[in-house]
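Presented below is the structure to which this report refers.
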Amino acid sequence: MEVYHGKSVLQGIAIGKLYVFQKKESAWKKHSIADADAETVRFEDARGKALSQLDELYDKALSQVGEENAMIFDVHRMMLEDQDYLDAIEARIRTEMVNAEYAVTVTGEEFSATFSSMDDEYMQARAADVLDISGRVVRILEGLDEGGLNTPEPVIVLAEDLTPSETIRMDKSKIMAFVTRQGSANSHTAILARSLNIPSLVNADIRIDASYHGKEAVVDGKDGILIVEPDHETLRQKEKEREAMQREQERLRSLIGKDNVTKDGRSILLYANMGNVEDVDKVLENDAGGIGLFRSEFLYLGREDFPTEEEQFAAYKTVVSRMEGKRVIIRTLDIGADKKADYFHLDTEENPALGYRAIRICLTRPEIFKTQLRAIYRASAFGNVAVMFPMIVSVDEIRRAKAVVEEVKAELDKENKPYGEVELGIMVETPAAALVSLELAREVEFFSIGTNDLTQYTLAIDRQNQKLEPFYDAHHPAVLSLIEMTIQNGHKAGIWVGICGELAADESLTETFLNMGLDELSVSPSYILNLRDKIRQIGS
Ligand code: PEP
Ligand code: MG
Numbered sequence: 044m045e046v047y048h049g050k051s052v053l054q055g056i057a058i059g060k061l062y063v064f065q066k067k068e069s070a071w072k073k074h075s076i077a078d079a080d081a082e083t084v085r086f087e088d089a090r091g092k093a094l095s096q097l098d099e100l101y102d103k104a105l106s107q108v109g110e111e112n113a114m115i116f117d118v119h120r121m122m123l124e125d126q127d128y129l130d131a132i133e134a135r136i137r138t139e140m141v142n143a144e145y146a147v148t149v150t151g152e153e154f155s156a157t158f159s160s161m162d163d164e165y166m167q168a169r170a171a172d173v174l175d176i177s178g179r180v181v182r183i184l185e186g187l188d189e190g191g192l193n194t195p196e197p198v199i200v201l202a203e204d205l206t207p208s209e210t211i212r213m214d215k216s217k218i219m220a221f222v223t224r225q226g227s228a229n230s231h232t233a234i235l236a237r238s239l240n241i242p243s244l245v246n247a248d249i250r251i252d253a254s255y256h257g258k259e260a261v262v263d264g265k266d267g268i269l270i271v272e273p274d275h276e277t278l279r280q281k282e283k284e285r286e287a288m289q290r291e292q293e294r295l296r297s298l299i300g301k302d303n304v305t306k307d308g309r310s311i312l313l314y315a316n317m318g319n320v321e322d323v324d325k326v327l328e329n330d331a332g333g334i335g336l337f338r339s340e341f342l343y344l345g346r347e348d349f350p351t352e353e354e355q356f357a358a359y360k361t362v363v364s365r366m367e368g369k370r371v372i373i374r375t376l377d378i379g380a381d382k383k384a385d386y387f388h389l390d391t392e393e394n395p396a397l398g399y400r401a402i403r404i405c406l407t408r409p410e411i412f413k414t415q416l417r418a419i420y421r422a423s424a425f426g427n428v429a430v431m432f433p434m435i436v437s438v439d440e441i442r443r444a445k446a447v448v449e450e451v452k453a454e455l456d457k458e459n460k461p462y463g464e465v466e467l468g469i470m471v472e473t474p475a476a477a478l479v480s481l482e483l484a485r486e487v488e489f490f491s492i493g494t495n496d497l498t499q500y501t502l503a504i505d506r507q508n509q510k511l512e513p514f515y516d517a518h519h520p521a522v523l524s525l526i527e528m529t530i531q532n533g534h535k536a537g538i539w540v541g542i543c544g545e546l547a548a549d550e551s552l553t554e555t556f557l558n559m560g561l562d563e564l565s566v567s568p569s570y571i572l573n574l575r576d577k578i579r580q581i582g583s
């Protein structure tokens with residue numbers, strides 16, 4: 044029996060087999076090969092698959108967004124048949140005797156650099172395309188397109204680290220717990236684990252190797268431990284603890300349908316955070332009063348291309364309809380930092396958390412923003428929708444975002460496409476937004492405080508950096524004062540204020556938040572009933 048310790052992301056006990064999730068080798072790893080003919084055949088097979096993918100994408104885009112927009116896949120197809128490009132890759136494999144992943148990556152970069160340096164604008168635009176097609180072939184060579192969990196039963200996933208994109212690709216019905224050696228409890232992968240309601244540990248002190256694969260294990264999120272090959276007695280003990288936790292869950296279920304009211308009559312809205320359309324099941328099961336944060340960027344992760352307006356519309360419509368008139372707050376795309384998708388072609392940045400992300404991308408790439416807003420507004424015809432913008436720091440940004448909303452509404456009016464009344468709000472998750480919250484409050488109908496980023500930016504502590512976790516203190520008086528200031532300023536301007544960061548679920552602060560006059564708490568679905576229980580015990 045081996046016992047390891049980690050930082051718990053969600054309480055709960057999982058008992059099952061370990062599955063060692065190994066990232067595929069990076070394309071940057073150059074290695075020698077012995078058989079250039081075989082490597083060339085590998086490349087040709089991958090290219091064939093990439094061409095079929097592009098055909099499918101072209102057909103899909105043609106039916107959904109028309110010929111003009113579908114043309115890009117035709118251009119990619121032509122590039123993947125360009126003899127100069129193909130000869131350069133094959134020559135590199137044969138002369139340098141290197142793996143195809145490396146040959147494709149380096150050739151793609153060389154071609155891209157050449158295109159970028161040309162005067163012709165059309166050719167310059169091809170620089171990104173050649174990187175795109177090279178990336179597609181490399182992913183196929185690496186087997187990433189078939190990636191995911193190859194197991195018939197649910198398992199405990201053991202990994203060095205997991206990005207949100209990797210997590211989103213996995214078949215959730217196959218995961219009973221996550222354990223990662225790296226990672227921080229404030230990362231989006233951890234948040235995803237919470238929304239899936241599975242016990243998880245990050246920053247575990249285990250050296251991961253393939254020998255763990257298939258071994259029996261227990262993940263105890265309550266004590267923050269991983270037990271590999273537990274002895275008989277320990278296993279019995281953990282099974283008993285798991286049963287006790289299940290009984291407690293049963294007790295909490297008796298709170299379904301009850302109000303979130305303290306003994307002295309103060310009430311608060313209790314909403315749920317979610318990221319994937321399937322999460323609505325848990326939102327409804329746990330009796331949330333609405334959705335306080337729909338992290339729409341998860342619709343963009345773990346895929347090869349932008350979700351179309353129709354795809355997004357279908358997703359939002361499903362969620363909104365299933366909530367049957369309860370408020371659904373859709374946060375517009377908060378991509379960037381740890382949430383990355385290759386097809387956005389975001390540059391590598393020195394300080395991604397302070398970089399080109401969220402509303403900054405939306406305001407500078409309006410075609411992406413407009414597609415999303417059109418889909419959200421169209422879905423608003425089916426229920427009660429609110430929109431909120433992430434990472435706001437100024438009045439000007441809100442006005443610019445609202446101007447795009449107006450354009451979208453005018454387009455929909457012209458096309459006779461119906462939409463409903465949509466409340467507009469912002470995330471208050473930068474110290475700047477909290478400090479100018481009175482001015483911002485005059486522009487919108489609600490605030491939702493994002494304490495994960497607010498803590499990161501107030502304390503200047505990267506939420507992703509596991510080494511800094513002991514310093515990441517969301518209870519810091521500076522953070523709490525900014526929260527209080529935001530609530531007061533929001534109320535002064537007559538708007539409602541909620542919290543949707545992870546701090547909302549912290550029961551040690553529930554009474555403090557009520558005393559500050561907070562109107563709403565939005566948490567992972569699995570925390571709703573615990574929090575209702577807590578609220579109902581407050582006061583005398
Ligand atoms: C936050 O920053 O608190 C928040 C809710 O947004 P995210 O965790 O997705 O950055
Ligand atoms: Mg945030």
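When we follow this note's numbering, the leftmost residue of the sequence shown carries the number 44, and every step to the right adds one.
Ideal Cβ placement from N, Cα and C applies to all residues, glycine included.
Any heavy atom of the ligand PEP within a distance shorter than 6 Å of the CB on residue i?
i    : result
D274 : no
N573 : no
T494 : yes
G533 : no
G379 : no
G318 : no
C543 : yes
According to DSSP, simplified to helix, strand and coil, what is residue i?
i    : result
S230 : coil
D549 : coil
V436 : coil
T194 : coil
L123 : coil
K215 : helix
K460 : coil
D505 : coil
A70  : Below a pLDDT of 50, predicted positions are generally treated as unreliable, and A70, at 48, falls in that range; the measurement from the model is reported next regardless. A70 falls in the coil class under three-state DSSP.
L205 : coil
I132 : helix
R279 : helix
I249 : coil
K258 : coil
P273 : coil
S583 : coil
Y399 : coil
Y515 : coil
Tell me, please, which residues DSSP counts as bridged to residue i.
i    : result
I199 : L61 and A220
A429 : I372 and E466
G379 : K382
H48  : I268
D263 : I56 and I268
S243 : L53 and F221
S75  : V141
V471 : I492
The alpha helix (DSSP H) spanning residue i covers which residue range?
i    : result
L389 : Looking at the DSSP string, L389 is not in any alpha helix (DSSP H), and its letter there is neither H nor E.
I475 : Looking at the sequence itself, residue 475 is Ala, so the reference to Ile does not match. Run containing A475: P474 to L478, per the alpha helix (DSSP H) assignment.
N532 : P520 to K535
A146 : A143 to S159
P409 : P409 to A422
S177 : E164 to L184
Q580 : I571 to Q580
Determine the extent of the beta strand (DSSP E) in which residue i is found, giving its start and end residues.
i    : result
Y585 : Only positions 44 to 583 of the chain appear in this structure, which leaves residue 585 out of reach.
G541 : W539 to I542
L564 : E563 to V566
V487 : Where V487 is concerned, there is no enclosing beta strand (DSSP E), given that its DSSP letter is neither H nor E.
I want to check one thing, is the minimum distance from the CB of residue i to the heavy atoms of the ligand MG below 6 Å?
i    : result
E472 : yes
Exercise. Considering only residues of the region 282-356, which uninterrupted beta strand (DSSP E) runs meet the minimum length of 3 residues and lie entirely inside it, listed in chain order?
Worked result: Within the region 282-356, the complete beta strand (DSSP E) runs of at least 3 residues are 312-317 and 334-338.
Exercise. What are the start and end residues of each continuous beta strand (DSSP E) run of 3 or more residues lying completely inside the region 87-114, in chain order?
Worked result: Those beta strand (DSSP E) runs which fall completely within the region 87-114 and span 3+ residues do not exist here.
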